[in-house]
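Undergrad: Quick one: this structure, given as structure tokens, is what I'll be asking you about.
2 protein chains.
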Amino acid sequence: MTTQTNTWAEHALEALADAGYRRGGARTAVVEALAEHDCAVTALDLDDELRRRRPPVGRASVYRALEQLEQLGLVQRIEVCRGTAGFERVDPTGHHHHHAICRDCGRMVPFEDPKLERALEQVAGTMSFDVTEHDVVLRGLCDRCAD
Amino acid sequence: MTTQTNTWAEHALEALADAGYRRGGARTAVVEALAEHDCAVTALDLDDELRRRRPPVGRASVYRALEQLEQLGLVQRIEVCRGTAGFERVDPTGHHHHHAICRDCGRMVPFEDPKLERALEQVAGTMSFDVTEHDVVLRGLCDRCAD
DNA sequence: AAGAAAACGAGAATTGTTCTCATCAACGTG
DNA sequence: CACGTTGATGAGAACAATTCTCGTTTTCTT
């Protein structure tokens, strides 16, 4: 409910409209739900949240909306672990963070680092590859799980 | 069949023995197969390769061996795309590369960059998190798929 | 050589994701 | 503003990758 998330939700709905998508209750619900989360959520978690709404949102719609949002660059998909994807809103300013994930409890801690970003951009520049996004995950034990 | 891969296979088999695992045909076959690959392979690709051997190796054994190897830090798991994992041997010296993956054709191009590694180590140091590994993936279009 | 325990493999079961298709609703048009 | 076209939706089936189960085979210890 911060200014930030409202901005993102509005931005996203506008971008969807601009891209020619019609207004739809399910998709809007997905956007609203994503706006509430400051870090990555799995599709199934969103599905759980949204299934309870009246009217309830179907699983297919959740996945569909996420895919469309990803296409438009409004949402980034992150491989969280063992074949489950996390989704997280993309700040229109390009500002973003990465994640450290605990291999014991699965807890996800976001972090950001300008030097890392710079290094990533530089590498991307040297490749014969049109890099549009990157995905950095640190894995290990979080402070709670470390003995 | 390079010196490098032989070294890794031997190293891995020794580490398995040290960890108390008994000698087993299936696991050894998985190690040998991984040694042949210089970049990440999916479990199902390995399964395809090994199913043909005489005696054939079962799917369950492939997954089991990969998991054990990952536990021992001999193999790294990489989320390739859409819920499929890639596995790649870990060089005992710590030397490693990362991957750029084409979102169109799935082609994977390895790269390495000391500056990036340094940045990653630095960030890891500042976190209240015992980071044991990291995973960097650049996504975009490879030169063949870029229009 | 014999027994205990690990390794194995076939197939079933799970899990996350995508697909299908019959309704429903949004939006431009007359 | 009613109407028709077409996109949006959701229940459930279909899929694909991975994990689990369990009876059989091997390995290794004694």
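Chains as they are written, first to last, in the working numbering: chain A, 5 to 151; chain B, 5 to 151.
By construction, the Cβ of each residue, glycine as well, lies at the ideal position given by its N, Cα and C atoms.
1) Report the residue from B:C43, B:G144, B:P60, B:L48 whose alpha carbon sits nearest the alpha carbon of T32 of chain B.
2) For the alpha helix (DSSP H) that contains D139 of chain A, what are its first and last residues?
3) Could you give the uninterrupted runs of the alpha helix (DSSP H) lying entirely in the region 69-99 of chain A, keeping only those of 4 residues or more?
4) Counting Cβ pairs closer than 8 Å, one from the region 77-88 of chain B and one from the region 121-134 of chain B, do we hit at least three?
5) So, L70 of chain B versus A23 of chain B, is the Cβ gap smaller than 8 Å?
6) Candidates A:F133, A:A44, A:G29: which alpha carbon is nearest F115 of chain A's?
7) Are Q80 of chain A and V66 of chain A closer than 8 Å when you measure CB to CB?
8) Specify the secondary structure class of A123 of chain B as computed by DSSP and reduced to three states.
9) Specify whether the region 127-141 of chain B and the region 127-143 of chain A touch according to this definition: at least 3 beta carbon pairs, one from each stretch, less than 8 Å apart.
10) Does the beta carbon of T136 of chain A sit closer than 8 Å to a beta carbon anywhere in chain B?
11) Cα separation between H41 of chain B and A128 of chain A?
12) Can the beta-carbon of A37 of chain A be found less than 8 Å from the beta-carbon of E18 of chain A?
13) Which residues in the same chain have their Cβ closer than 7 Å to the Cβ of R2 of chain A, if we skip the five residues on either side of it in sequence?
14) According to the Cβ coordinates, are A13 of chain A and V34 of chain A closer than 8 Å?
15) What's the call for D51 of chain B, buried or exposed, on a 16-neighbour Cβ count within 10 Å?
16) In whole angstroms, what separates the C-alpha of H100 of chain A from that of E92 of chain A?
17) Anything in chain B within Cβ reach of V113 of chain A, meaning under 9 Å, just list it in chain order.
18) If you reduce the DSSP assignment to three classes, tell me which class A44 of chain A lands in.
19) Answer with buried or exposed for C109 of chain A, where buried requires no fewer than 16 other C-beta atoms within 10 angstroms of its C-beta.
20) Considering only the alpha carbon of each residue, which of A:R57, A:E74, A:D117, A:R58 lies closest to G90 of chain A?
21) Along chain B, which residues have their Cβ under 9 Å away from the Cβ of D139 of chain A?
22) Cutting at 8 Å between CB atoms, please list the residues of its own chain near N10 of chain A, excluding the five before and the five after it.
23) Going straight from the alpha carbon of A30 of chain A to that of R111 of chain A, what length do you get?
24) Return the chain-ordered list of same chain residues with a C-beta closer than 7 Å to the C-beta of R107 of chain B, the five sequence neighbours on each side being excluded.
25) From what residue to what residue does the beta strand (DSSP E) around A150 of chain A run?
26) Where R26 of chain B and R58 of chain B are concerned, what is the direct C-alpha to C-alpha distance, given to the nearest angstrom?
TA: Taking the definition as stated:
1) Numbered from 1 along the second sequence, position 28 holds the residue referred to as residue 32 of chain B. Nearest option by C-alpha distance: B:P60.
2) If you number the first sequence from 1, residue 139 of chain A lands on position 135. Counted as a single uninterrupted DSSP element, the stretch harbouring D139 of chain A is not any alpha helix (DSSP H) but the beta strand (DSSP E) occupying residues 133-146.
3) none
4) The region 77-88 of chain B vs the region 121-134 of chain B: no contact.
5) Position 66 of the second sequence, counting from 1, holds the residue named residue 70 of chain B. Position 19 of the second sequence, counting from 1, holds the residue named residue 23 of chain B. Cβ atoms of L70 of chain B and A23 of chain B: not closer than 8 Å.
6) Numbered from 1 along the first sequence, position 111 holds the residue referred to as residue 115 of chain A. Of the residues A:F133, A:A44, A:G29, the one whose Cα lies closest to the Cα of F115 of chain A is A:A44.
7) Your numbering for residue 80 of chain A matches position 76 in the first sequence. Your numbering for residue 66 of chain A matches position 62 in the first sequence. Going by C-beta atoms, Q80 of chain A is not nearer than 8 Å to V66 of chain A.
8) In the second sequence, the residue the question calls residue 123 of chain B occupies position 119. Shown here, A123 of chain B sits in a helix according to DSSP, grouped into three states.
9) yes
10) Your numbering for residue 136 of chain A matches position 132 in the first sequence. Cβ-Cβ to chain B under 8 Å: yes for T136 of chain A.
11) Indexing the second sequence from 1 puts residue 41 of chain B at position 37. Indexing the first sequence from 1 puts residue 128 of chain A at position 124. Their Cα atoms are separated by approximately 25 Å.
12) On the first sequence, position 33 is the one that residue 37 of chain A refers to. On the first sequence, position 14 is the one that residue 18 of chain A refers to. Not closer than 8 Å, so no.
13) Because chain A spans 5 through 151 in this model, residue 2 of chain A falls outside it and cannot be assessed.
14) If you number the first sequence from 1, residue 13 of chain A lands on position 9. If you number the first sequence from 1, residue 34 of chain A lands on position 30. Taking 8 Å as the Cβ cut-off, A13 of chain A and V34 of chain A do not qualify as a contacting pair.
15) On the second sequence, residue 51 of chain B is found 47 positions in, with the first residue counted as 1. Buried, since its Cβ has 16 or more Cβ neighbours within 10 Å.
16) For the purposes of this step, residue 100 of chain A is taken as residue 96 along the first sequence, with counting starting at 1. For the purposes of this step, residue 92 of chain A is taken as residue 88 along the first sequence, with counting starting at 1. Cα to Cα, the separation comes out at about 10 Å.
17) By one-based count along the first sequence, residue 113 of chain A stands at place 109. M131, S132, F133, listed in chain order.
18) In the first sequence, residue 44 of chain A corresponds to position 40, counting from 1. Coil at A44 of chain A, not helix or strand.
19) Taking the first residue of the first sequence as 1, we reach residue 109 of chain A at position 105. Exposed, by the Cβ-count rule.
20) Taking the first sequence and counting its residues from 1, the one referred to as residue 90 of chain A is at position 86. Considering only alpha carbons, the answer is A:E74.
21) Here residue 139 of chain A is taken as the residue at index 135 of the first sequence, counted from 1. Within chain B, the residues near D139 of chain A are E83, D139, V140, V141, L142, R143.
22) Looking up residue 10 of chain A in the first sequence gives position 6. Counting only Cβ-Cβ distances below 8 Å, and skipping sequence neighbours, we find A39.
23) The count along the first sequence starts at 1 and reaches residue 30 of chain A at position 26. The count along the first sequence starts at 1 and reaches residue 111 of chain A at position 107. Cα to Cα, the separation comes out at about 29 Å.
24) On the second sequence, residue 107 of chain B is found 103 positions in, with the first residue counted as 1. So the list reads R143, G144, L145, once near-sequence residues are dropped.
25) Translated into positions along the first sequence, residue 150 of chain A becomes position 146. That residue, A150 of chain A, is in no beta strand (DSSP E); it is neither H nor E in DSSP.
26) Locating residue 26 of chain B in the second sequence gives position 22, counting from the first residue. Locating residue 58 of chain B in the second sequence gives position 54, counting from the first residue. The straight-line gap from Cα to Cα measures roughly 20 Å.
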